[in-house]
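Peer 1: One line per chain: the protein sequences are F and Y, in this order. For the first sequence, the numbering used here begins at 42 and goes up steadily by one. For the second sequence, the numbering used here begins at 15 and goes up steadily by one. We put the CB at the ideal spot given by N, CA and C, even for glycine. Keep in mind the model is a prediction, meaning the values are calculated, not measured.
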Amino acid sequence: MFAVLLVAALAIAPQDSGTLLVRTLDVTDARIGGDAILITDSADGRARHLLIDAGEHGATVVRWLDRFHVDTLAAVILSHPHADHYGGMEDVFAHLPVRTFVYGGTPRTTVTYRRLLADIAARRIPVVTVDSGVRRLTLAVGGDSAVLTVFAPPPSCRALAGRAEGDAVNDCSIGVRLTHGGFSMLFPGDAEIPELAWWLEAPPVPLAADVLKAGHHGSDNATTPAWLDAVHPGAVMISANGRQHPFAGVLALLAARGIATYCTADNGTITVRAPRGGAWTVTPERSGRCHARTDT
Amino acid sequence: MSATQRWIVDRHEGDVSVVEIDGRRMVDLPRSLLPTAARGDDVLSVTVEAGADRAVVTITRDPAATERDRAEARATIDRLRRRDPGGDVRL
Chain F
42 MFAVLLVAAL AIAPQDSGTL LVRTLDVTDA RIGGDAILIT DSADGRARHL LIDAGEHGAT
102 VVRWLDRFHV DTLAAVILSH PHADHYGGME DVFAHLPVRT FVYGGTPRTT VTYRRLLADI
162 AARRIPVVTV DSGVRRLTLA VGGDSAVLTV FAPPPSCRAL AGRAEGDAVN DCSIGVRLTH
222 GGFSMLFPGD AEIPELAWWL EAPPVPLAAD VLKAGHHGSD NATTPAWLDA VHPGAVMISA
282 NGRQHPFAGV LALLAARGIA TYCTADNGTI TVRAPRGGAW TVTPERSGRC HARTDT
Chain Y
15 MSATQRWIVD RHEGDVSVVE IDGRRMVDLP RSLLPTAARG DDVLSVTVEA GADRAVVTIT
75 RDPAATERDR AEARATIDRL RRRDPGGDVR L
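#1: Sorted by chain position, which residues of the same chain lie with C-beta nearer than 8 Å to LEU241 of chain F's C-beta, five sequence neighbours on each side aside?
#2: For a cutoff of 9 Å on Cβ pairs, would you count THR80 of chain Y as touching chain F?
#3: Excluding sequence positions up to five away, which residues of its chain have a Cβ less than 6 Å from the Cβ of ALA124 of chain F?
#4: Output, in sequence order along the chain, the residues in the stretch 91-105 of chain Y whose CB is closer than 7 Å to any CB in chain F.
#5: Counting contacts by CB-CB distance shorter than 9 Å, is ALA69 of chain Y in contact with chain F?
#6: How would you list, in chain order, the residues of chain F whose beta-carbon sits under 8 Å from the beta-carbon of ILE22 of chain Y?
#7: Could you tell me the distance, in whole angstroms, from the CA atom of LEU227 of chain F to the CA atom of ILE93 of chain F?
#8: Is the number of C-beta pairs between the stretch 63-74 of chain Y and the stretch 138-147 of chain F that are closer than 8 Å three or more?
#9: Do the stretch 29-48 of chain Y and the stretch 94-101 of chain Y meet, that is, are 3 or more Cβ pairs less than 8 Å apart?
#10: Quick one: what does DSSP say TRP321 of chain F is sitting in, helix, strand or coil?
#11: Along the chain, where does the beta strand (DSSP E) containing GLU63 of chain Y start, and where does it finish?
#12: Would you tell me roughly how many angstroms separate the C-alpha atoms of LEU62 of chain F and ALA301 of chain F, rounded to the nearest one?
#13: VAL57 of chain Y versus chain F: which residues are under 9 Å apart at the beta carbon?
#14: Taking DSSP as the reference, what is the three-state secondary structure of SER225 of chain F?
#15: Output yes if chain F places a C-beta closer than 9 Å to the C-beta of VAL30 of chain Y; else output no.
#16: Quick one: Cα of GLU27 of chain Y to Cα of GLY86 of chain F, how far?
#17: Taking the alpha-carbon positions, what's the TRP21 of chain Y to SER46 of chain Y distance?
#18: Determine, using beta carbons only, whether ARG45 of chain Y comes closer than 9 Å to chain F.
#19: Mind checking which residues open and close the beta strand (DSSP E) that includes ILE279 of chain F?
#20: With a threshold of 9 Å between beta carbons, is MET40 of chain Y in contact with chain F?
#21: Going straight from the alpha carbon of GLU34 of chain Y to that of PRO316 of chain F, what length do you get?
#22: For a contact defined as C-beta to C-beta under 8 Å, what are the partners of ALA87 of chain Y on chain F?
#23: With 16 as the cutoff for other CB atoms within 10 Å, does GLU233 of chain F come out buried or exposed?
#24: Which ranges does the alpha helix (DSSP H) cover as unbroken runs of at least 4 residues, wholly within the stretch 61-120 of chain F, from first to last along the chain?
#25: How would you label ALA78 of chain Y, buried or exposed, when you count the other beta carbons within 10 angstroms and need 16 or more for buried?
#26: For the candidate residues F:VAL277, F:PHE142, F:THR324, F:GLY59, whose alpha-carbon lies nearest to that of ARG298 of chain F?
#27: At least one CB of chain F closer than 9 Å to the CB of GLU63 of chain Y: is that the case?
#28: Distance, Cα to Cα, GLN19 of chain Y vs VAL291 of chain F?
#29: MET130 of chain F: buried (16+ other C-beta within 10 angstroms of its C-beta) or exposed?
#30: Can a CB atom of chain Y be found closer than 9 Å to the CB of PRO167 of chain F?
#31: Measure the C-alpha to C-alpha separation of PHE224 of chain F and CYS213 of chain F and round it to an integer number of angstroms.
#32: According to DSSP, which residues form a beta bridge with TRP21 of chain Y?
#33: Output, in chain order, the set of chain Y residues within a Cβ distance shorter than 7 Å of ALA116 of chain F.
#34: Going residue by residue through the stretch 147-219 of chain F, where are the continuous beta strand (DSSP E) segments of at least 3 residues, counting only ones entirely within it?
#35: How about the stretch 322-334 of chain F and the stretch 46-55 of chain Y: do they share at least three Cβ pairs that are nearer than 8 Å?
#36: Return the chain-ordered list of same chain residues with a C-beta closer than 6 Å to the C-beta of ASN262 of chain F, the five sequence neighbours on each side being excluded.
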């Protein structure tokens with residue numbers, strides 16, 4: 042009798058209890074791409090969600106959030122204020138409750154960005170500004186939790202005439218290291234070689250990670266041998282627009298090291314599943330290999 | 015027919031410039047069409063004089079408008095900073 046009850050209890054237990062899902066959403070379209078990464082931790086039949094970046098088109102991201110039954114976001118993280126990362130956020134904030142906004146506090150002149158910040162101010166959402174050091178965010182659900190350690194760009198990004206302005210916004214990306222049990226994943230935003238070098242010189246967090254979200258959509262100014270030596274990923278996710286990105290040289294570099302590589306432009310939405318205490322796996326929406334869009 | 019627009023450079027991606035038009039939408043333009051000194055964040059004043067067979071588009075950097083918009087962004091960021099709970103955060 043006990044055995045029967047145990048089997049029955051196991052049968053109705055949530056299948057994804059204590060499981061972390063990291064979905065690199067396919068926000069590719071004919072012109073643009075950007076990043077939008079949905080992180081979901083679930084336990085005891087409950088799930089909590091967090092979004093890193095929101096692509097450029099809000100409608101595309103909102104469709105994905107609806108498809109995955111996301112009704113609240115515990116946080117939205119903006120890696121850096123380029124339109125292919127923040128452009129969809131206004132629609133996301135209008136579509137569902139967002140509990141916390143996390144960014145690097147970089148000023149930009151674009152009207153759409155200033156409107157987004159004004160909207161966040163009007164909604165009275167707590168704002169975590171990571172412009173120095175590291176900030177630790179804990180996404181807790183039931184008896185489980187995932188930790189996001191957010192690390193700042195170089196101090197020059199805070200200077201009025203520093204890197205944050207003009208053409209160097211990529212190098213003012215905030216980085217995120219996600220951990221769940223023994224699993225780890227690194228998100229460097231669009232950081233290019235100067236910012237990567239700064240992080241490599243004095244790592245603010247352990248850079249080694251099971252999975253890496255490639256910086257700057259697979260451009261060769263954001264994935265280097267030194268960076269791969271430090272991160273030593275088992276798999277790389279490339280959120281690419283399928284027009285300029287990814288670069289052939291980056292795909293060749295990853296292939297030469299035998300690193301499993303997935304691209305949203307070719308594979309659609311890519312899901313990393315990391316059960317607590319179990320092995321992590323990667324499931325692309327479509328099978329197939331990544332294709333280069335720039336021949337360098 | 016003459017018209018004016020306000021563009022802001024979001025970023026350059028290789029030989030493509032992504033430009034915000036009148037605060038509403040982003041478009042891709044050949045970078046070679048913009049002033050050579052145009053950088054991300056620059057506000058551009060644009061006049062278009064379109065005739066049946068010829069259109070003349072004049073794109074001019076507007077440093078004063080750029081600085082005004084940048085100052086407004088900084089003010090909003092300073093306001094948002096006061097909303098920071100500080101330290102580690104349990105979401």
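Peer 2: By the coordinates alone:
#1: Only residues of its own chain outside the window of five on either side were considered, and among them LEU248, ALA267, TRP268, ALA271 have a CB closer than 8 Å to the CB of LEU241 of chain F, listed in chain order.
#2: The beta-carbon of THR80 of chain Y is placed less than 9 Å from the nearest beta-carbon of chain F.
#3: GLU97
#4: ILE91, ARG93, LEU94, ARG95, ARG97, ASP98, PRO99, ASP102, VAL103, ARG104, LEU105
#5: No, ALA69 of chain Y does not count as interfacial toward chain F.
#6: The contacting residues are THR150, THR151, VAL152.
#7: 12 Å
#8: no
#9: no
#10: coil
#11: 57-64
#12: 18 Å
#13: THR150
#14: strand
#15: Among the residues facing chain F, VAL30 of chain Y is included, as its CB has a counterpart in that chain under 9 Å away.
#16: Their backbone Cα atoms lie some 44 Å apart in a straight line.
#17: 15 Å
#18: It does not; no Cβ of chain F falls within 9 Å.
#19: First-last of the beta strand (DSSP E) with ILE279 of chain F: 276-279.
#20: yes
#21: 42 Å
#22: Per Cβ cutoff of 8 Å: PRO148, ARG149, THR150, TYR154, ARG155, LEU158.
#23: buried
#24: Runs of the alpha helix (DSSP H) lying entirely within the stretch 61-120 of chain F and spanning at least 4 residues, in chain order: 99-108.
#25: With fewer than 16 other Cβ atoms inside 10 Å of its own Cβ, ALA78 of chain Y counts as exposed.
#26: F:VAL277
#27: no
#28: 39 Å
#29: buried
#30: yes
#31: 26 Å
#32: TRP21 of chain Y is bridged by DSSP to Y:ILE35, Y:LEU58.
#33: LEU105
#34: 168-170, 175-182, 185-192
#35: no
#36: GLU233, ILE234
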